[in-house]
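For reference, the structure is listed below as C-alpha cells.
Rendered as C-alpha cells:
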C-alpha cells in the first residue's frame, strides 16, 4: 500500500471516529511525533559540558548524591 493510499485511508477513518478517547490518543501520537529532540537545541558549549561530565564519570570522578549533600550541608 502506498503512502498516499495509507494517508487517505487514515483520513477517512479518523473522519468517521466518534470515540473521544481514541481521538485524544491519536492527538497525543501526533504531538509526540511533532516534538523535536531537546538534545538538538543544545549549544556547542552545553554539548562540551556534557561530554566533560561523561568523561569524569568514566574516569571515576563522581560522587553519590548522599556524599555531595553531606559535604554541602543538606
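In the numbering used here, the protein residues as written are -12 to 61. Where is the CB? At the ideal position from N, CA and C, for every residue including glycine. In this text, all values refer to a predicted model and were calculated from it rather than measured experimentally.
Does the distance from the CB of residue 13 to the CB of residue 1 come in under 8 Å?
-> As a working note, residue 13 is residue 26 in the chain shown. As a working note, residue 1 is residue 14 in the chain shown. Cβ distance < 8 Å, so residue 13 and residue 1 count as in contact.
Alpha carbon to alpha carbon, what distance is there between residue 23 and residue 44?
-> The residue labelled residue 44 in the question sits at position 57 within the chain shown. The residue labelled residue 23 in the question sits at position 36 within the chain shown. Taking the straight line joining both Cα atoms gives about 27 Å.
Can you list, in chain order, the residues of its chain whose CB lies under 7 Å from that of residue 41, leaving out five sequence neighbours each side?
-> Taking the chain shown and counting its residues from 1, one reaches residue 41 at position 54. Here the set comprises nothing.
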